[in-house]
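If you're matching them up, the sequences are chains X and G in order. What the first sequence shows, in numbering that gives the first Met the number 0, is residues 0 to 325, in sequence order. What the second sequence shows, in numbering that gives the first Met the number 0, is residues 0 to 325, in sequence order. Worksheet: one structure, shown below.
There are 2 protein chains.
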Amino acid sequence: MSNTHPQGEFELIRDYFQRQSLQRADVHMGIGDDGAVVSVPVDKQLVLVMDTMVAGIHFPLQTSAYDLGWKSLAVNLSDLAAMGAEPAWLTLALTLPHSDAEWVKTFSLGLFALASAYNIQLIGGDTTRGPLSITVQAHGLVEKGGALLRSGAEVGDLIYVSGFPGEAALGLILLQSNLQHHPSYEHLLARLNRPEPRLGLGRSLHDIASACIDISDGLLADLQHILDASGVGAEVLIDGLPLSEDYRAAVDDKQLYRAALSGGDDYELLFTVPKTKQAEIDKIAEDSKCLLTCIGEITEGNTIRCLDAQGNEYTPEHLGFEHFAE
Amino acid sequence: MSNTHPQGEFELIRDYFQRQSLQRADVHMGIGDDGAVVSVPVDKQLVLVMDTMVAGIHFPLQTSAYDLGWKSLAVNLSDLAAMGAEPAWLTLALTLPHSDAEWVKTFSLGLFALASAYNIQLIGGDTTRGPLSITVQAHGLVEKGGALLRSGAEVGDLIYVSGFPGEAALGLILLQSNLQHHPSYEHLLARLNRPEPRLGLGRSLHDIASACIDISDGLLADLQHILDASGVGAEVLIDGLPLSEDYRAAVDDKQLYRAALSGGDDYELLFTVPKTKQAEIDKIAEDSKCLLTCIGEITEGNTIRCLDAQGNEYTPEHLGFEHFAE
């Protein structure tokens, strides 16, 4: 046998994932063995989330490698935010049609930009050949018994949403309609490709909110998940929905609420709060400079009623985005 | 809005993954929220492994759903075995071209058969549409500082392998050559499709072996990973390789050693042991009814020399299986 063993392109592109400068003290073995070894603090529980993004299904084929690196982690951190957890580590399963060193390098830069900003270390994963697909598992820590669940909403609780839901869906529409010249294009596309997970907000809410979810399928679809888990219904006041100027500039009046109610990919937090804690929510909004808007109230029943300012029922066209529902 | 919200096929097939009867006491939230919540014992560290299997790359397209469910977990448990860890939980990212309830049901039965046998609970994941691909992350527990790594091999240590390496590769060859009538077909194909992770052996070795890896790429390729991590070389005595009767029945003399040295997908353990611990290895082999064969010795240098019984150097054709190395 020769003195050097063959090193495939496969191993070469893996090297990019070993270049994160961040090294957490609780990581005893990261990339480079059969598995990673980490320590969980004795007063914490471990929270695990996992999301897959497939080319052409979850993102347009022209999405940049940097944005994919960022977003594949961001959607997972958003789940950790919705659980009230503090992120710690991530693993990555990346499947690529062919070994493209430049692509992988750029992807890793997008991933690491977000990971290192939140003190999260990439500790392992798998890189394989096949149709482009990205699965990230993120691991977070939460106080024992302190995870925010979907199941705690009670009749009378107020329903809040962070930020401006619907902007990401409008970004996708502008992109697919080739409306790059639209004055709101840059902002709305950034909302699609570089979502900012609401980690600080999630941590602030973990002992205040009664239920929480992040908006990935659409506001109404995800609200329904809270209702199903909690055994309650909801009234949503559509005139109270927070619609940004960029949002209003990109929609016509006839479809004013559609993206905000049914657009996916926002990664804002949707949560319920007992009325007695309204002042605490106001303070969190002020401290975190994060817009928090009350959009309705939890009711009896198991469905959502959308009402306009006159109290008339409003029927949205569809609840949200569903894979397989062709 | 109607009284019932639409439930896609997507959600329907997800239901199959909620049917595992096993419920571990350390799982506080499993499938059904934004993330799973689990507890790690204070005296343990967490071990994380992740493997992706892509249709047509990692398994032939005709592989049954049951076998894929079994194998996608088995290859991860094999990594946990190689770390000396005891498995606890798994998450699954399943990407399917279309929602096929029967396929998913059968897949879940294969997955749960293996999971429940080792007291492992499926606690989350993601089911998406796209080209068939399966990513499993498995989580195990190990004593603090007790994980078996690749990096501890020292000059003079003995090299052992469990079971009969090469059988899985021969199973694949028989399958691809349409040799279903071959007397060893059933056995060798089972070795390919239903690998038994060496979890008990890994636990027994965790304070005895100096280094350990599981054979996924091929014996020599994986031995090289130990050598790279430990900064040592190795001599392998090819006449000492354990070759089963089924193995011998499926190869010609000219290629006698090829599958054993370079065939992937065996998921046997390859490990090194100080010579002073040889008696302990003999006892483990006896207690566990697992064949453990000494196949060589760690040397100085950084490469592998294969020697026959006469001391002549033997040059294998290739080290192992590499993705992207087309």
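We put the beta carbon where it would ideally sit given N, CA and C, even for glycine. Everything numeric in this text was worked out from a predicted model, so none of it was measured.
Practice task
Using 10 angstroms around the beta-carbon of G:Glu153, count the other beta-carbons present and answer buried if the total reaches 16, otherwise exposed.
Solution key: What you label residue 153 of chain G is simply residue 154 of the second sequence in a count that begins at 1. Exposed.
Problem - Residue from G:Ser63, G:Met49 and G:Leu306 whose Cα sits closest to the Cα of G:Pro55 - result: Translated into positions along the second sequence, residue 55 of chain G becomes position 56. Checking the sequence, you will find Gly at residue 55 of chain G rather than Pro. Considering only alpha carbons, the answer is G:Ser63.
Exercise for the section: Starting from G:Pro130, find everything on chain X with Cβ-Cβ shorter than 8 Å and list it in chain order. Expected result: Against the second sequence, residue 130 of chain G aligns to sequence position 131. The contacting residues are Val53, Gly129, Pro130 and Ser132.
Problem - Cβ neighbour criterion (16 or more within 10 Å) applied to X:Leu290 - result: By 1-based counting over the first sequence, the position of residue 290 of chain X is 291. Its Cβ having fewer than 16 others within 10 Å, X:Leu290 is exposed.
Exercise for the section: Determine the burial state of X:Asn2: buried for a count of at least 16 other Cβ atoms within 10 Å of its Cβ, exposed for fewer. Expected result: The count along the first sequence starts at 1 and reaches residue 2 of chain X at position 3. Because the pLDDT at X:Asn2 is just 29, under 50, the model does not fix this residue reliably, and the value given afterwards should be weighed accordingly. Exposed.
Problem - Under 9 Å from the C-beta of X:Arg23: neighbouring residues of chain G - result: Walking along the first sequence from the start, residue 23 of chain X turns up at place 24. Counting only Cβ-Cβ distances below 9 Å, X:Arg23 has no contacts in chain G at all, with the closest Cβ about 13 Å away.
Exercise for the section: Report the rounded CA-to-CA distance for X:Ile294 versus X:Asp307, giving the unit in angstroms. Expected result: The residue given as residue 294 of chain X occupies position 295 in the first sequence. The residue given as residue 307 of chain X occupies position 308 in the first sequence. Straight-line Cα distance between these residues: approximately 11 Å.
Exercise for the section: Would you kindly work out how many angstroms separate the C-alpha atoms of G:Gly31 and G:Phe16, rounded to a whole number? Expected result: Taking the second sequence and counting its residues from 1, one reaches residue 31 of chain G at position 32. Taking the second sequence and counting its residues from 1, one reaches residue 16 of chain G at position 17. Answer to the nearest angstrom: the Cα atoms are 11 Å apart.
Practice task
Could you name the residues of chain X that G:Gly239 contacts, counting a contact when the two beta carbons are closer than 8 Å?
Solution key: The count along the second sequence starts at 1 and reaches residue 239 of chain G at position 240. Result: empty, since nearest Cβ-Cβ is about 17 Å, beyond 8 Å.
Exercise for the section: Look at the alpha carbon of X:Gly199 and the alpha carbon of X:Gln44, and state the distance between them as a whole number of angstroms. Expected result: Looking up residue 199 of chain X in the first sequence gives position 200. Looking up residue 44 of chain X in the first sequence gives position 45. If I take the Cα positions, the gap works out to 18 Å.
Practice task
Excluding the 5 residues preceding and the 5 following G:Arg13 in the sequence, name in chain order all residues of the same chain whose CB lies nearer than 7 Å to its CB.
Solution key: Residue numbering aside, residue 13 of chain G sits at position 14 when the second sequence is read from its first letter. Contacts found: Thr126.
Problem - One or two residues paired with X:Pro86 in a DSSP bridge - result: Along the first sequence, one-based indexing puts residue 86 of chain X at 87. X:Gly139.
Handout entry: Range of the contiguous alpha helix (DSSP H) that encloses G:Val46
Key = On the second sequence, residue 46 of chain G is found 47 positions in, with the first residue counted as 1. G:Val46 -> not in any alpha helix (DSSP H); beta strand (DSSP E) instead, spanning Lys43 to Val53.
Exercise for the section: Closer than 6 Å by C-beta to X:Arg197: which residues in its own chain qualify, once you throw out the five before and the five after it? Chain order, please. Expected result: Taking the first sequence and counting its residues from 1, the one referred to as residue 197 of chain X is at position 198. Only Ala80, Ser161 and Leu268 meet the Cβ criterion.
Handout entry: Segment limits, beta strand (DSSP E) that includes X:Phe270
Key = Looking up residue 270 of chain X in the first sequence gives position 271. Per DSSP, X:Phe270 belongs to the beta strand (DSSP E) from Leu268 to Val272.
Exercise for the section: Consider the Cβ of G:Ile119: report whether some Cβ of chain X lies at a distance smaller than 8 Å. Expected result: Looking up residue 119 of chain G in the second sequence gives position 120. No, no contact with chain X.
Problem - Buried versus exposed, by CB contacts within 10 Å (16 or more), G:Pro96 - result: Residue numbering aside, residue 96 of chain G sits at position 97 when the second sequence is read from its first letter. Exposed: under 16 other Cβ atoms inside 10 Å.
Exercise for the section: Closer than 8 Å by beta-carbon distance: list the chain G residues that pair up with X:Thr90, in chain order. Expected result: Reading the first sequence from its first residue, position 91 is the one you call residue 90 of chain X. Simply Leu47, Met49 and Gln136.
Exercise for the section: May I ask you to list, following chain order, the residues of the stretch 105–117 of chain X that have a beta carbon less than 9 Å from some beta carbon of chain B? Expected result: Absent from the structure: chain B. Protein chains present are X and G.
Handout entry: G:Thr105: first and last residue of the uninterrupted beta strand (DSSP E) it sits in
Key = The sequence position of residue 105 of chain G within the second sequence is 106, counting from 1. Counting along the chain, G:Thr105 falls outside any beta strand (DSSP E), though it belongs to the alpha helix (DSSP H) covering Ala100 to Ala116.
Exercise for the section: Run the CB neighbour count on G:Lys274, radius 10 Å, all protein chains shown included, and call it buried at 16 or more, exposed below. Expected result: To locate residue 274 of chain G, count along the second sequence from 1; it is residue 275. Burial call: exposed.
Problem - Beta-carbon spacing of G:Ile122, G:Val37 below 8 Å - result: If you number the second sequence from 1, residue 122 of chain G lands on position 123. If you number the second sequence from 1, residue 37 of chain G lands on position 38. Yes, the pair counts as a contact, with Cβ atoms nearer than the cut-off.
Problem - Residues that G:Arg149 contacts on chain X, provided the C-beta gap is smaller than 9 Å - result: In the second sequence, the residue the question calls residue 149 of chain G occupies position 150. Those within 9 Å of G:Arg149 in chain X are Gly31, Asp32 and Asp33.
Problem - Helix, strand or coil at X:Val74 according to DSSP, with G and I counted as helix - result: Indexing the first sequence from 1 puts residue 74 of chain X at position 75. The answer is helix: DSSP assigns X:Val74 an H, G or I state.
Exercise for the section: Apply the 10 Å Cβ neighbour rule to G:Ser20 and answer buried if 16 or more other Cβ atoms are within range, or exposed otherwise. Expected result: One-based indexing of the second sequence puts residue 20 of chain G at position 21. Classification for G:Ser20: exposed.
Exercise for the section: State yes or no: is the C-beta of G:Ala146 within less than 8 Å of the C-beta of G:Val46? Expected result: Along the second sequence, one-based indexing puts residue 146 of chain G at 147. Along the second sequence, one-based indexing puts residue 46 of chain G at 47. Yes, the Cβ-Cβ distance between G:Ala146 and G:Val46 is below 8 Å.
Problem - Best match in G:Asp238, G:Pro315 and G:His57 for proximity to G:Leu191 [C-alpha to C-alpha] - result: Taking the second sequence and counting its residues from 1, the one referred to as residue 191 of chain G is at position 192. When each option's Cα is compared against that of G:Leu191, the closest is G:His57.
Exercise for the section: Within its chain, find whatever has a CB closer than 7 Å to the CB of X:Leu187; leave out the 5 residues flanking it on each side and keep chain order. Expected result: Within the first sequence, the letter at position 188 stands for residue 187 of chain X. Excluding residues up to 5 positions away in sequence, Glu166, Leu169, Gly170, Leu173, Asp245 and Ala249 lie with their Cβ nearer than 7 Å to the Cβ of X:Leu187 in the same chain.
Practice task
Indicate the three-state DSSP secondary structure (helix, strand or coil) for X:Thr127 in the structure shown.
Solution key: By one-based count along the first sequence, residue 127 of chain X stands at place 128. Strand at X:Thr127.
Handout entry: Among X:Ile280, X:Met28 and X:Gly151, the one whose alpha carbon lies nearest that of X:His224
Key = Counting from 1 along the first sequence, the entry for residue 224 of chain X is found at position 225. The shortest C-alpha separation from X:His224 is found at X:Gly151.
Practice task
Would you please verify whether the beta carbon of G:Asp281 is less than 8 Å from any beta carbon of chain X?
Solution key: Here the question's residue 281 of chain G lines up with position 282 in the second sequence. No, G:Asp281 lies away from the interface with chain X (no Cβ there is under 8 Å from its Cβ).
Handout entry: 8 Å Cβ cutoff met for G:Leu67 and G:Ile158
Key = Counted from its first residue, the second sequence places residue 67 of chain G at position 68. Counted from its first residue, the second sequence places residue 158 of chain G at position 159. For G:Leu67 and G:Ile158, no; Cβs fall outside 8 Å.
Handout entry: Beta-carbon separation (whole angstroms), G:Val26 vs G:Trp88, contact threshold 8 Å
Key = As a working mapping, residue 26 of chain G is identified with position 27 in the second sequence. As a working mapping, residue 88 of chain G is identified with position 89 in the second sequence. The Cβ separation is near 7 Å, so the contact holds.
Problem - Whether X:Val141 touches X:His205 by CB criterion (8 Å) - result: Along the first sequence, one-based indexing puts residue 141 of chain X at 142. Along the first sequence, one-based indexing puts residue 205 of chain X at 206. By the CB criterion at 8 Å, X:Val141 and X:His205 fall inside the cutoff.
Practice task
Provide the residue(s) that pair with X:Thr134 in DSSP beta bridges, ordered along the chain.
Solution key: On the first sequence, position 135 is the one that residue 134 of chain X refers to. X:Thr51 and X:Ala92.
Exercise for the section: Find the nearest neighbour of G:Lys282 within the set G:Glu85, G:Ile207, G:Asp213 and G:His138, judged by alpha-carbon distance. Expected result: If you number the second sequence from 1, residue 282 of chain G lands on position 283. Among G:Glu85, G:Ile207, G:Asp213 and G:His138, the Cα nearest to that of G:Lys282 is on G:Ile207.
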